[in-house]
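Chemist: Got a structure here, written out as structure tokens. Questions coming.
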Amino acid sequence: MLKKNVGAVDRGLRIAVGIVLLACYFIFPDAGYRWAFLIGIIPLATGLFSTCPLYSIFGLSTCPMK
44 MLKKNVGAVD RGLRIAVGIV LLACYFIFPD AGYRWAFLIG IIPLATGLFS TCPLYSIFGL
104 STCPMK
């Protein structure tokens with residue numbers, strides 16, 4: 044499984060941004076750029092799973108030290 048590398052504040056922000064972007068997808072059904080709101084899936088997923096592949100690649104972590 045992937046190593047947990049997303050801290051609590053980072054996780055909360057990712058989930059909030061993901062939900063807002065996905066909500067905009069449904070709020071603006073006639074917008075030509077509606078598909079761009081689907082990018083919200085990425086922060087939502089990384090927030091829910093508490094792991095970020097880019098953080099792993101760059102060796103970053105926002106989790107508190109153990």
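Residues 44 to 109 (this note's numbering) are what the sequence shown spells out, left to right.
Virtual Cβ for every residue (Gly too), placed ideally from N, Cα, C.
#1: With Pro107 as the anchor, note down where its alpha helix (DSSP H) starts and where it stops.
#2: Are the stretch 71-82 and the stretch 90-105 touching by the rule of at least three beta carbon pairs closer than 8 Å?
#3: Leu97 to Leu56, Cα distance in whole Å?
#4: Thr89 and Lys46 look like a contact to me (Cβ under 8 Å); what is the Cβ gap, rounded to whole Å?
#5: Rounded to whole angstroms, what is the Cα-Cα separation between Leu65 and Gly50?
Modeler: A quick look at the data gives this:
#1: Bounds of any alpha helix (DSSP H) do not take in Pro107, whose DSSP letter is neither H nor E.
#2: no
#3: Cα to Cα, Leu97 sits roughly 16 Å from Leu56.
#4: With a Cβ gap of about 13 Å, Thr89 and Lys46 do not count as contacting.
#5: 22 Å
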